[in-house]
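Below: one structure, written as structure tokens.
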Amino acid sequence: MKKQDFNEFLKRVDQQKKETQAIDWEKKKNEWLAYLNKLYEKFNLYLEEYIAEGIITINYQNVSITEEYIGSYTAPEMIINLGNEQVILTPVGTNLIGAKGRVDIAGRLGSAQLVLIDANTRNVNDPLRKPESENQEPTNESEEKKALPKTWEWKFVSAPPTRKFQPVNEETIYSVIMEVTNG
1 MKKQDFNEFL KRVDQQKKET QAIDWEKKKN EWLAYLNKLY EKFNLYLEEY
51 IAEGIITINY QNVSITEEYI GSYTAPEMII NLGNEQVILT PVGTNLIGAK
101 GRVDIAGRLG SAQLVLIDAN TRNVNDPLRK PESENQEPTN ESEEKKALPK
151 TWEWKFVSAP PTRKFQPVNE ETIYSVIMEV TNG
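The sequence shown begins at 1 in full-length UniProt numbering and counts up by one.
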């Protein structure tokens with residue numbers, strides 16, 4: 001390896017360090033927790049009728065999460081009780097590649113995932129859009145689309161190999177609950 005290559009490597013590493021230090025990690029964590037609460041509100045909304053009838057109960061407990069740069073913190077885990085079944089929504093974290101957050105869903109007979117991603121993403125093969133902070137001039141229509149500010153949205157992720165995203169709505173919530181409990 002040439003010294004020039006090593007110097008370029010060190011410059012890149014130093015630049016990455018500066019970019020990492022510039023991120024407000026506390027703000028990022030708080031945004032993630034706010035999105036997590038909005039997700040739980042959505043579940044409560046669509047299950048409201050069954051909660052009112054006493055068919056479903058919902059409880060919360062705090063779980064500990066440790067993430068690089070953010071450190072350790074607690075986040076609420078949602079526990080949906082229906083009959084003898086439980087469906088648990090466990091927050092995983094926010095410091096992820098390609099997503100702003102992830103929640104794992106587990107039932108007695110299955111599991112599923114929710115990710116907080118760009119609302120325009122349809123499957124895992126869609127190209128990642130540039131973050132809003134990169135203010136470069138787009139060179140074509142494709143780049144212009146990538147440079148638009150992101151709108152974050154919770155989506156269910158289907159099983160491999162398709163790995164398609166589905167919106168979180170009444171139908172998909174009911175479907176996932178039935179799937180993980182073998183309903």
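For each residue, glycine too, the CB sits at the ideal point set by N, CA and C.
CB of residue i within 8 angstroms of CB of residue j, strictly
i	j	result
LEU39	LEU114	yes
TRP152	VAL168	no
LEU89	VAL180	no
ASN62	ALA75	yes
LEU116	TYR35	yes
DSSP-derived helix/strand/coil call for residue i
i	result
ALA34	helix
ASP104	strand
LEU109	coil
LEU89	strand
SER64	strand
LYS130	With a pLDDT of only 45 at LYS130, under 50, the local geometry of the prediction cannot be trusted, and the value read off the model is given with reservation. The answer is coil: DSSP assigns LYS130 none of H, G, I, E or B.
ASP5	helix
SER158	coil
LYS11	helix
LYS164	strand
LEU114	strand
Option in the options with minimal Cα separation from residue i
i	options	result
GLU118	ALA112, GLY107, ASP104 and LYS100	Correcting the residue identity first, residue 118 is Asp in this sequence and not Glu. Closest by alpha carbon: LYS100.
ARG102	ASN37, GLU48 and LEU47	ASN37
PHE156	PRO149, SER111 and ASN182	SER111
ALA159	VAL176, GLU171 and GLU170	VAL176
Euclidean distance between Cα positions of residue i and residue j
i	j	result
residue 184	ILE105	Not covered by the structure: residue 184. The range shown for the chain is 1 to 183.
LYS11	LYS2	15 angstroms
GLU49	PHE43	11 angstroms
GLN86	ILE51	14 angstroms
ILE97	GLU53	41 angstroms
LYS27	PHE9	30 angstroms
GLY93	GLU77	12 angstroms
LYS150	ASN7	35 angstroms
ILE23	ASP14	15 angstroms
MET178	PRO91	20 angstroms
ARG122	LYS29	25 angstroms
residue 258	SER64	With the chain covering only 1 through 183, there is no way to say anything about residue 258.
ASP5	THR172	51 angstroms
ASN120	GLU41	22 angstroms
TYR174	GLY107	13 angstroms
TYR73	GLU170	30 angstroms
TRP25	GLU31	10 angstroms
Exercise for the section: Decide if the region 48-65 is in contact with the region 78-90; the criterion is three or more beta carbon pairs, one per stretch, under 8 angstroms apart. Expected result: yes
Problem - contact_flag[the region 156-166, the region 61-69] where n(CB pairs < 8 angstroms) is 3 or more - result: no
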